[in-house]
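In the numbering used here, the protein residues as written are -13 to 96. We put the beta carbon where it would ideally sit given N, CA and C, even for glycine. Computed from a predicted model, the values in this text were never measured in an experiment. Structure first, commentary second.
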Amino acid sequence: DSFECSDSHRLAYPTRGSFGQWCAARSRGRDYLYAAAEFGTHNPARVLAGLRAENQAHHWCRPDDPATERTKRRLVDLFCPRSPSWRATVLERGVRLVRQAIDGLAGEPH
């Protein structure tokens, strides 16, 4: 298991408008910590290609166009594969991560 800060210089590009930034902006004056777990699905280039295709279909195709429907289904699968073993692993790791976060906030070792 590993983690990477969103302000890391190793990222391919900086994010804008992330959920963490939105939450922090609405929590002015409070001590705030945001964390998001990402569980790998596919090669980053494949995911980016899927995002671009869906964006293109969304803006240039009709909503009922088969290309629009196909790219939207592909995008869902890119972020949430149908594989039962992948889903079980993600649920297991997600629950473990939440427990570790709760223990950490409570000052208890995991």
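Checklist line | Segment contact, 8 Å Cβ cut-off, at least three pairs: the region 38 to 45 with the region 68 to 81 | finding: no
message: Taking only three categories from DSSP, how would you classify F65?
response: Counting from 1 along the sequence shown, the entry for residue 65 is found at position 79. Looking at F65 - three-state DSSP - the assignment turns out to be helix.
**Asked** Taking the alpha-carbon positions, what's the N29 to L19 distance?
**Response** Numbered from 1 along the sequence shown, position 43 holds the residue referred to as residue 29. Numbered from 1 along the sequence shown, position 33 holds the residue referred to as residue 19. Cα to Cα, N29 sits roughly 29 Å from L19.
Go through the region 6 to 80 residue by residue and report every complete run of the beta strand (DSSP E) that reaches 3 residues or more, in order. Whole beta strand (DSSP E) segments, 3+ residues: zero.
* Asked: Would the beta-carbon of F5 fall within 8 Å of that of A22?
  -> Residue numbering aside, residue 5 sits at position 19 when the sequence shown is read from its first letter. Residue numbering aside, residue 22 sits at position 36 when the sequence shown is read from its first letter. Yes, the Cβ-Cβ distance between F5 and A22 is below 8 Å.
Report task. Check each candidate in L91, G90, R14 and E40 and name the one with the smallest Cα separation from D64. Result -> In the sequence shown, the residue the question calls residue 64 occupies position 78. Checking the sequence shown, residue 64 turns out to be Leu, not Asp. Checking every option, the nearest Cα to that of L64 belongs to E40.
- Classify R2 as helix, strand or coil using the three-state DSSP reduction. Position 16 of the sequence shown, counted from the start, is the residue given in the question as residue 2. In this structure, R2 counts as coil in the three-state DSSP scheme.
message = Let me confirm a value: G36 is counted as buried when at least 16 other C-beta atoms fall within 10 Å, else exposed. Which label applies?
response = As a working note, residue 36 is residue 50 in the sequence shown. Label assigned to G36: buried.
For R12 and L91, what's the separation of their Cα atoms in angstroms? Mapped onto the sequence shown, residue 12 falls at position 26. Mapped onto the sequence shown, residue 91 falls at position 105. So the two alpha carbons sit approximately 21 Å from each other.
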